[in-house]
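Asks: For reference, the structure I am asking about is given below.
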Amino acid sequence: MYHLRGVVLPDGDERDVWIGDGRISFDPVDGARSLDGAFLVPGLVDAHCHPGIGVHGPTTLEEATEQALTDRDAGTLLIRDCGVPIDIRPLQERADLPRIIRGGQHLALPKRYVPKLGIDLEHPDRLPGAVAEQARAGDGWVKIVGDWIDRAVGDLAPLWPDDVLAEAIKVAHEEGARVTAHVFGEAAMPGLINAGIDCLEHGTGLSADLLAEMARRGTALVPTLINIENFPGIADQAAKYPVYAAHMRALHAGVTDMVGAALDAGVAVYAGTDAGGMVEHGRLPDEVEALHRAGMSEEQALAAASWAAREWLGFEGIADGAPADLVVFDADPREDLSVLRRPRHVILRGTLIR
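The opening position of the sequence shown corresponds to residue 9 in this note's numbering, with each subsequent residue numbered one higher.
Written out as structure tokens, the structure reads:
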């Protein structure tokens, strides 16, 4: 049992907060131990994370556990898994690990995604059935691969016909699940958005017109900016495909403007690191700072990785009776995002982690 007094975000009011039986209380809890710290932030959220993917592909469950611990120690207390090739349900059973929303496995076509990470469907028409299976097996999200390099054309290209996408997303919604898609280039965007997809990951090729349509539909964007930093290196390794290489460099060069345009259009933008593989775990503060550089205020960028993201994913913030998942800081992260790298306390499920 703990007692804190500080500025509670996002409201910004200074108040007393007690923690007992794993929950937050605004009424005193007898015998509570007082903790120091001045600013209380709802547990941080990595909305695009892969506990279970490493540099060489699928990891062991033990490695996935270490990845989740690294995220937790950086203040990430809620993870939306955006496609994992191993069964990470045992991680959800551990009280010392972040809460995880499982998205199942990536759905792709043969030779149209990273090997061993997803489920390769024999034909595009199999997508609706596979989406239904993943929707039933996961925690309310399904991940599809919207585009990838097509070596026959030497550039990024869509994987799915528009009518198949529309049917697949309809099926997911009927199962009570939302759908998100990996997508880099321009060509796949209209089909995904017009099919009613709920979120786009990366979205580097989004245009102003499509961003306006996303805002109208309520389609979210998780741009994973610290992963986009890898695009020049990917292009350098793609000398056999010069059109693709040039395309990747152009997408990298334009991503800051794209995110700024998304904000101007009113698109909901959330923080996700794409940790696993090319991005190390525990780097959520880097992504928050990247969102700030792309045009978000400090408070908007923090919200995208905390209370706004929690609401989007169906989780409470700091509220009376809510699960006690919060991070405590000595200074105001709304004024200096580097504070996120120095949490005073991390409290998960009412337990003091640090």
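All C-beta atoms, glycine included, are put in the ideal place defined by N, C-alpha and C.
For the candidate residues His11, Glu71, Asp54, whose alpha-carbon lies nearest to that of Ala82?
Replies: Comparing Cα-Cα distances from Ala82 to each of His11, Glu71, Asp54, the minimum goes to Asp54.
Asks: Just curious, the beta strand (DSSP E) that Glu22 is in, first and last residue?
Replies: It spans 21-28 - the beta strand (DSSP E) in which Glu22 sits, taken as one unbroken run.
Asks: Check this for me: beta carbons of Leu233 and Leu299, under 8 Å apart or not?
Replies: A contact, by the Cβ cut-off of 8 Å.
Asks: From which residue to which residue does the beta strand (DSSP E) around Val335 run?
Replies: 334-337 is the extent of the beta strand (DSSP E) around Val335.
Asks: Please check the pair Lys124 and Gly65, which I expect to be a contact at CB under 8 Å, by giving their CB distance rounded to whole angstroms.
Replies: So it is a contact: roughly 5 Å between Cβ atoms.
Asks: Please go through the same chain and pick out, in chain order, the residues whose beta-carbon is closer than 7 Å to the beta-carbon of Ala165, but skip the five residues on each side of it.
Replies: Taken in chain order, the residues that qualify are Asp155, Asp158, Ala195.
Asks: Considering just the uninterrupted stretch of the beta strand (DSSP E) at Asp54, what are its terminal residues?
Replies: Counting along the chain, the beta strand (DSSP E) containing Asp54 begins and ends at 52-57.
Asks: DSSP three-state label for Asp171, please.
Replies: It is helical.
Asks: Is the stretch 307-320 in contact with the stretch 336-353, if contact means three or more CB pairs nearer than 8 Å?
Replies: Yes: the two stretches touch, three or more of their Cβ pairs being nearer than 8 Å.
Asks: Determine, using beta carbons only, whether Gly211 and Met266 come nearer to each other than 8 Å.
Replies: A contact, by the Cβ cut-off of 8 Å.
Asks: Can you list, in chain order, the residues of its chain with a C-beta nearer than 8 Å to that of Ala327? Leave out the 5 residues immediately preceding and following it.
Replies: Here the set comprises Ile32.
Asks: With a threshold of 7 Å on Cβ separation, who are the neighbours of Val364 within its own chain once the five nearest residues in sequence on each side are excluded?
Replies: The structure shown does not extend to residue 364, since the chain spans only 9 to 362, so no value can be given for it.
Asks: Which class does Asp133 belong to by DSSP, given the choice of helix, strand or coil?
Replies: Helix at Asp133.
Asks: Of the choices Leu345, Val251, Pro59, whose alpha-carbon is the least far from that of Gly1?
Replies: Residue numbering for the chain in the displayed model covers 9 to 362; residue 1 lies beyond these limits and cannot be assessed.
Asks: What does the Cβ neighbour count give for Phe34, buried or exposed, with the cut at 16 atoms within 10 Å?
Replies: Exposed is the call here.
Asks: Assuming Ala247 and Ala253 are in contact, meaning their beta carbons sit under 8 Å apart, how far apart are those beta carbons, in whole angstroms?
Replies: That pair is a contact at about 7 Å.
Asks: Around the C-beta of Asp79, are 16 or more other C-beta atoms found within 10 angstroms, so that it is buried, or is it exposed?
Replies: So Asp79 ends up on the buried side.
Asks: Return the first residue and the last residue of the alpha helix (DSSP H) that Asp104 is part of.
Replies: Element bounds for Asp104: n/a, residue is neither H nor E.
Asks: CA-CA distance, Ala283 and Asp147?
Replies: If I take the Cα positions, the gap works out to 19 Å.
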